[in-house]
Amino acid sequence: MREAESAITAQGVRKNYGGQPSGAGLNGFDLRVPAGSVCGLLGPNGAGKTTAVRILSTLLSMDAGRASVAGFDVRTQGRQVRERIGLVGQYAAVDEILTGRQNLVMFGRLNHLSAAAARRRADELLERFSLTEAAGRPVSGYSGGMRRRLDLAASLIVSPPVLFVDEPTTGLDPAARREVWAAVRELVDAGTTVLLTTQYLEEADRLADRISMLGAGRVVAEGSPDELKSAIGGDWIDLVLSEPVDVEAARPIAARLASGEPLVDGPARRIGIPVAERTRALIQVATALNEAGIEPEDIMLRRPTLDEVFLHLTGEGAATVPAGPARTGVRVNAGSGNTTEESR
Ligand SMILES: Nc1ncnc2c1ncn2[C@@H]1O[C@H](COP(=O)(O)OP(=O)(O)OP(=O)(O)O)[C@@H](O)[C@H]1O
Ligand SMILES: [Mg+2]
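Residue numbering for the sequence shown is 1 to 344, as defined by the UniProt record's numbering.
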């Protein structure tokens, strides 16, 4: 893809905060986000998500590398970049004492709208984020979800083509989280390119077209949620057995029918079996158990979770989640620093 079709690009971006252990910050960060899509930047605390957002939105300078947003160079064309982005920071930027409407009108005025235009825009956005009813109340009385939606609205006063959202739902309850997800979805449907950071795999799974997994300042894997889940070897059959003796009896069956190394958790009487062909494998496992006279307490077929993918790729879960071949489209960044692209 040419750079012009990418709303956001980053190549080899480095940032070392002075006095921090090496690795803190960004350490060769690469990214490419096609216009009109949602990219989820996923990583644990300290992975470098906020650093990446701050560099791409020109709030922080990089030590090395290149980056562009909406076709403009982040380093040399900061003003043009800032004119084309919205930023919803990790912490709420709205004023507690003002009402929802007053906040939005104020942001409109700060963005050089006339008083009348600012009021009009505020009302449009209040409507769009289902805040009309609460618009006249001070923000101090808003729920976390309402504040986050007001934050999103404030960043959209001038409809930027590219929006950065740093951890949109951290600290929100599930209902508020769903409200925010719906608001982000609406923006994307209206054509905005969104880069969102999150620690929640479910959030990336729901919202992102593609996910970049960030570990210690660099992207360790990139792909669609499905591709990432397939990257560690297709599906899993989980068996829960009634008796310890059944675990031993089921062990060789699992080994015979698995596409990789089965996981046996003796004390929990569980066996995880990685399988290549979902339905066929389920029938084979059920048949073999039946023939051996084993009646499992539970048997289920599932995809790997993004948590397992992330733990596996960052090495922390290497002992518990066996590797499988990567599928087309998934880029897995090996710890050595090489990017490999595998396919089957
Ligand atoms: N201003 C700063 N000065 C020194 N070190 C910093 C600064 N900001 C971040 N760091 C360090 O850089 C690393 C990446 O931080 P960053 O805030 O980008 O992570 P994050 O992925 O956003 O984490 P979180 O999920 O906690 O928000 C961390 O080790 C952090 O301690
Ligand atoms: Mg952060």
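Cβ coordinates follow ideal geometry from the N, Cα and C atoms, glycine included.
### Task
Could you work out which residue in Arg-218, Leu-201, Leu-131 and Ile-237 is closest to Met-225 when comparing CA atoms only?
This sequence places Pro at residue 225; Met is not what is there. For Pro-225, the closest of Arg-218, Leu-201, Leu-131 and Ile-237 by C-alpha to C-alpha distance is Leu-201.
### Query
Quick one, are the C-beta atoms of Thr-9 and Ser-57 less than 8 angstroms apart?
no
### Query
How big is the Cα-Cα spacing for Val-309 and Val-285?
24 angstroms
### Task
Output yes or no for whether 8 angstroms exceeds the beta carbon distance between Ala-268 and Pro-262.
no
### Task
Taking 7 angstroms as the limit, tell me which residues put their C-beta closer than that to any heavy atom of ligand 2, in chain order.
Lys-49, Thr-50, Gln-90, Asp-166, Glu-167 and Thr-197
### Task
Would you mind working out which of Val-219, Leu-110 and Gly-40 sits nearest Trp-181, comparing C-alpha positions?
Gly-40
### Query
What is the C-beta distance between Thr-193 and Gly-36, in whole angstroms, given that I count them as a contact (C-beta under 8 angstroms)?
At roughly 6 angstroms, the Cβ-Cβ gap stays under 8 angstroms, so Thr-193 and Gly-36 are in contact.
### Cβ contact check for the segment 84-94 and the segment 155-162: 3 or more pairs under 8 angstroms
The count of Cβ pairs closer than 8 angstroms, one atom from the segment 84-94 and one from the segment 155-162, reaches three, so the stretches are in contact.
### Message
Using 8 angstroms as the cut-off, can you tell me whether the segment 234-246 makes contact with the segment 268-284, which would need three or more C-beta pairs spanning the two stretches below that distance?
### Response
yes
### Message
Shorter than 7 angstroms, the distance from the beta carbon of Gly-43 to the closest heavy atom of ligand 1, or not?
### Response
Yes - ligand 1 has a heavy atom lying nearer than 7 angstroms to the Cβ of Gly-43.
### Query
What is the DSSP secondary structure of Thr-320, counted as helix, strand or coil?
No answer about Thr-320 holds up, because its pLDDT of 34 lies below 50 and its placement is not dependable.
### Message
Closer than 7 angstroms to a non-hydrogen atom of ligand 3 - does that hold for the CB of Tyr-142?
### Response
Ligands in the displayed structure: ligand 1 and ligand 2; ligand 3 is not one of them.
### Task
Sort Arg-218, Leu-257, Arg-210 and Pro-160 by Cα distance to Arg-84 and report the nearest one.
Pro-160
### Query
If you measure from the CB of Tyr-17, is any heavy atom of ligand 1 nearer than 7 angstroms?
yes
#### Entry: Supposed close pair Asp-95, Val-139 - CB separation, criterion 8 angstroms
So it is a contact: roughly 7 angstroms between Cβ atoms.
### Task
Whole angstroms is fine: what's the gap from Asn-290's alpha carbon to Ile-299's?
12 angstroms
### Query
Whole beta strand (DSSP E) runs in the segment 154-223 with 3 or more residues, listed along the chain?
162-166, 193-198, 210-215 and 218-223
### Task
Rank Ala-134, Ile-211 and Ala-7 by C-alpha distance to the C-alpha of Phe-72 and give the top, closest one.
Ala-7
### Task
Check whether the Cβ atoms of Arg-185 and Asp-235 lie closer than 8 angstroms to each other.
no
#### Entry: DSSP state of Gly-12 mapped onto helix, strand, coil
strand
### Query
Glu-203 to Gly-43, Cα distance in whole Å?
Their backbone Cα atoms lie some 12 angstroms apart in a straight line.
### Message
Strictly by DSSP, which residues pair up with Ile-97?
### Response
DSSP, once it has assigned bridges, lists no residue as partnering Ile-97.
### Task
Could you say which of Asp-123, Val-264, Pro-304 and Met-146 lies nearest to Ala-276 if we only look at CA atoms?
Nearest option by C-alpha distance: Pro-304.
### Task
Use the C-beta contact count for Thr-51: other C-beta atoms within 10 angstroms, 16 or more gives buried, fewer gives exposed.
buried
### Query
From Arg-280, Tyr-17, Arg-82 and Ala-292, pick the residue whose C-alpha is nearest to that of Phe-164; which is it?
Selected option, being the one with the closest Cα: Arg-82.
### Query
Looking at Ala-47 and ligand 1, is the gap between the Cβ and the nearest heavy atom below 7 angstroms?
yes
### Query
Could you give the distance in angstroms between the alpha-carbon of Glu-222 and the alpha-carbon of Glu-248?
Glu-222 and Glu-248: Cα-Cα distance of roughly 38 angstroms.
### Message
Please return the same chain residues whose Cβ sits closer than 8 angstroms to the Cβ of Asn-45, not counting the five positions on each side in sequence.
### Response
Gln-199
### Task
To the nearest angstrom, report how far apart Val-74 and Ala-24 are at their CA atoms.
21 angstroms
### Query
How about Gln-11 and Arg-54: do their beta carbons lie closer than 8 angstroms?
No.
### Message
If I follow the unbroken alpha helix (DSSP H) through Leu-26, where does it start and stop?
### Response
No alpha helix (DSSP H) contains Leu-26, which is instead part of the beta strand (DSSP E) from 25-34.
### Query
Under 8 angstroms, do Ala-208 and Asp-151 count as touching if we go by C-beta distance?
no
### Query
At a cut-off of 7 angstroms, is Gly-25 close to ligand 1 when judged by its beta-carbon and the heavy atoms of the ligand?
Flag set: Cβ of Gly-25 near ligand 1.
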